[in-house]
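In mature numbering (1 follows the signal peptide of the UniProt record, and there is no 0), the protein residues as written are -19 to -1, 1 to 99. Ideal Cβ positions, reconstructed from N, Cα and C, are used throughout, including at glycine. Please read these numbers as outputs of a predicted model, since none were measured by experiment.
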């Protein structure tokens, strides 16, 4: 009987480690979350450009899942547009259930604006 109790205890204590999201899976979920930036009016307006522009944005996550320390790292767009895109990142809602390791590492995304054809 004790064996079954010990086995049940070990089994239930190891369940959270199996259920924990990997940092890779969290990064994919974060990428989908950040992709919501396309619904921001400033970003939508910039996407109507005929000449494609690429920019790289770096950011960190706060423990509550909100985006902080947004920096446009590499860009070929104007400073006002870069600032508007940075504000759009801050306007995103916090990501739910942030990974416990996420607050200690930087994240980055590349955004392609423009190239619209009519």
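Per DSSP, cross-strand counterpart(s) of residue i
i	result
residue 37	55 and 91
residue 42	48
Where residue i sits in the DSSP three-state scheme
i	result
residue 50	strand
residue 62	helix
residue 9	helix
residue 29	coil
residue 22	helix
residue 14	helix
residue 3	coil
residue 78	coil
Spatial distance of residue i from residue j (CA atoms)
i	j	result
residue 89	residue 57	17 Å
residue -3	residue 26	The predicted model places residue -3 with a pLDDT of 45, which falls under 50 and marks its position as unreliable, so this point remains unresolved.
residue 8	residue 85	13 Å
Host alpha helix (DSSP H) of residue i (start-end)
i	result
residue 96	Note, residue 96: premise wrong, no alpha helix (DSSP H); not H, not E.
- Quick check: the segment 15 to 23 against the segment 65 to 82, are there 3 or more CB pairs under 8 Å? Yes, since at least three Cβ pairs between the segment 15 to 23 and the segment 65 to 82 fall closer than 8 Å, the two stretches touch.
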